[in-house]
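Q: Okay, here's the structure, questions in a sec.
Spelled out as structure tokens, the structure:
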């Protein structure tokens, strides 16, 4: 009975999980949506409350009922040609995603490490994340969302005079000349905000946390793996993503209260996998920033091997449906 990993052909993170699954003697089917229709196919029928059928990838086949777990990693979109026009090709590509991808998404939800619908819901609402994190007992910084300069400046003054300004999504894109651009977290004073123009565009302002270090905590079912991220430069202190070469790491155990709250948050969000970011201040308070339901984990050597083991185990034995 195989585990199914949805990802593109070049994915060293998925490769590590596949190695662990083979160590558990668990067959693996690796599927990319771009494999359809030349390299993969599916026939499925809805009957008696479930979809039953056969999935073929290359020379390998499995029934949908045999799949023990599904890991949604980084599948690429279908790419087809030869249907008469780019518009027709695009139509076929969407049909593949909605048809074959839709049948896979209809597999029992408890099998998934990252059901597509859940991933989308978590990704699209950072404010919702903060509400649930607070309700689950995590400490959340005071936050404002606004496109109004005066309101933002007033908020900054209320929370100590400085704020972190953050984007809501991944702020990496191509500039006007095709160059790679990225927007990282900025630290602004109230007076600096007053002289800025937000143009009515929503910005996320959070109370500035004077952090000693950050923590990336990865949750796989009830297993938690946390690593301290120590800043090696002023840029990394503002946003550690901006200078990853300067970072050092140390494995750490989260406080029991934080661990309990994280597990509760995972259940509230209906997640079996999540990568959570925290800032830790001088008092030892763990400030919750966000959760990425499909976040990277292989880049921190101190915990990555254990995370790969946990993901493999999760794909081999899914929890019972509630």
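In full-length UniProt numbering, the protein residues as written are 1 to 322. Every residue, glycine too, gets a C-beta built ideally from N, C-alpha and C.
Would you mind reading off the limits of the alpha helix (DSSP H) that contains residue 83?
A: Where residue 83 is concerned, there is no enclosing alpha helix (DSSP H), because DSSP gives it neither an H nor an E.
Q: Could you check how far apart the C-beta atoms of residue 286 and residue 215 are, in whole angstroms? I think they sit under 8 Å.
A: 7 Å
Q: Would residue 304 pass as a contact of residue 298 if the rule is Cβ separation under 8 Å?
A: It is a contact, given that the beta carbons lie within the stated cut-off.
Q: Any idea which residues DSSP pairs residue 251 with across the strands?
A: 227
Q: Closer than 8 Å, CB to CB, is residue 301 near chain D or not?
A: No chain D appears in the structure shown, which is made up of a single protein chain.
Q: Taking residue 247 and residue 231 to be in contact with their CB atoms under 8 Å, please state how far apart those CB atoms are, rounded to whole angstroms.
A: 7 Å
Q: Can you tell me the Cα-Cα spacing of residue 102 and residue 26, whole angstroms?
A: Whole-angstrom Cα-Cα distance: 25 Å.
Q: For the segment 252 to 262 against the segment 185 to 202, are there 3 or more C-beta pairs whose distance is under 8 Å?
A: no
Q: For a test of the three-state rule: what should DSSP assign to residue 293, helix, strand or coil?
A: coil
Q: What is the rounded straight-line gap between the Cα of residue 324 and the Cα of residue 280?
A: Any answer about residue 324 is impossible in this case: the structure gives the chain only from 1 up to 322.
Q: Examine the Cβ distances between the segment 235 to 250 and the segment 83 to 95 and report whether three or more of them are shorter than 8 Å.
A: Short answer: they don't touch.
Q: Out of 119, 272 and 290, which has the shortest C-alpha to C-alpha gap to residue 222?
A: 272
Q: Expressed to the nearest angstrom, what Euclidean distance is found between the alpha-carbon atoms of residue 82 and residue 35?
A: 16 Å
Q: At which residue ranges does the segment 85 to 141 contain complete alpha helix (DSSP H) runs of 4 or more residues, listed in the order of the chain?
A: 86 to 105, 116 to 124 and 126 to 135
Q: Taking the Cβ atom as the reference point for each residue, do residue 110 and residue 254 lie within a distance shorter than 8 Å?
A: no
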